[in-house]
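Down below is the structure, laid out as structure tokens.
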Amino acid sequence: MKQPFSSVWTREPRTSKSPTLSRTQIVRAAVELLDAEGLNALSMRRLGAKLGSGATSIYWHVANKDELLELVLDEFYGEFKLLETQETTDWRHAATLFAYGMREALFRHPWAMPLVGTMPAVGPNAMQLMSRLSGTFARAGFQDFERDYAASTLLSYVAGITVPEISLLNALAGSGMTIAEWHETTRPTVEKAAADYPELRARYAAIDINTSIALGFEFGLSCILDGLEVRLNRRARPAAASPLRSPEASRDDEHVSAE
Numbered sequence: 000m001k002q003p004f005s006s007v008w009t010r011e012p013r014t015s016k017s018p019t020l021s022r023t024q025i026v027r028a029a030v031e032l033l034d035a036e037g038l039n040a041l042s043m044r045r046l047g048a049k050l051g052s053g054a055t056s057i058y059w060h061v062a063n064k065d066e067l068l069e070l071v072l073d074e075f076y077g078e079f080k081l082l083e084t085q086e087t088t089d090w091r092h093a094a095t096l097f098a099y100g101m102r103e104a105l106f107r108h109p110w111a112m113p114l115v116g117t118m119p120a121v122g123p124n125a126m127q128l129m130s131r132l133s134g135t136f137a138r139a140g141f142q143d144f145e146r147d148y149a150a151s152t153l154l155s156y157v158a159g160i161t162v163p164e165i166s167l168l169n170a171l172a173g174s175g176m177t178i179a180e181w182h183e184t185t186r187p188t189v190e191k192a193a194a195d196y197p198e199l200r201a202r203y204a205a206i207d208i209n210t211s212i213a214l215g216f217e218f219g220l221s222c223i224l225d226g227l228e229v230r231l232n233r234r235a236r237p238a239a240a241s242p243l244r245s246p247e248a249s250r251d252d253e254h255v256s257a258e
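So for the sequence shown, numbering that gives the first Met the number 0 puts the first residue at 0; every next one is plus one.
Here is the structure:
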């Protein structure tokens, strides 16, 4: 029989016998280790050494590594720009703040991406963030599960466009090259490969890669929000008469309803 998922956030807190070590200290040190060396470098032993204490001291606060990952993932969610809660908040502005906040947090903490979606986000920061995002789409006019689908679409877009950039940065980390420098090194190969496609060669030659990345993210985000707005506007418009029914039939229906 499969064991139900248990979370550090829902079990009773442990009584620590390590008065000099707090959960906050543990999480902060774990995030620093992850930022410096990545997800595979994190272990209780390594973390204990960084904190100047044994791994046993950490276990007074977390039962295992999965609980530690839950804590650092919620710390990641806590770095997103918080959304306004007032009803007058423009939903597109709020969604844009969220998207850029998530993107910036991913660049600061690229180790978080493998955890997002694979580890339930049930910590207080994640819950507050998702509640505000859901509330933003609800106030915009999305109903029931549509607000969740809208939020999921936004999350998927940000992750989908940002992760390849992070992967490229990770690949370049050992070379010391920037993305712009890497782009220049690929130019001769691309020009040769695109010899039969002059329009592609011309566009590639004209690209400022850093500007292109920034504008590309903004363009895609605008398309996502435009599409969501179209759905809202479509719902707001009164239903048009069916082209298969005559105006006389529609008036007859109204007469019957009135009676």
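From the three backbone atoms N, C-alpha and C, an ideal C-beta is built for every residue, glycine too.
Asked	Found
Beta-carbon spacing of Leu231, Ala93 below 8 Å	no
Residue range of the alpha helix (DSSP H) that includes Thr188	178 to 192
Glu78 beta carbon less than 8 Å from that of Ala62	no
Local conformation of Met112 per DSSP, three classes	coil
Stretch pair the segment 32 to 47 + the segment 99 to 113: three plus CB contacts closer than 8 Å	yes
Residue environment, Leu214, which counts as buried when at least 16 other CB atoms sit within 10 Å	exposed
Inter-stretch contact (C-beta, 8 Å, three-pair minimum) for the segment 65 to 80 and the segment 117 to 124	yes
Cβ shell of Glu11 (< 6 Å), same chain only, five flanking positions each side left out	none
Ser256 (DSSP reduced to helix, strand or coil)	Any reading at Ser256 is ruled out, since the residue's pLDDT is 47, under 50, leaving its predicted position unreliable.
Val26 versus Glu74 - alpha carbon distance	8 Å
Per DSSP, the bridge partner or partners of Met118	Val115
Under 8 Å between C-beta atoms of Leu20 and Leu41	no
At least three beta-carbon pairs within less than 8 Å, the segment 148 to 162 to the segment 177 to 192	no
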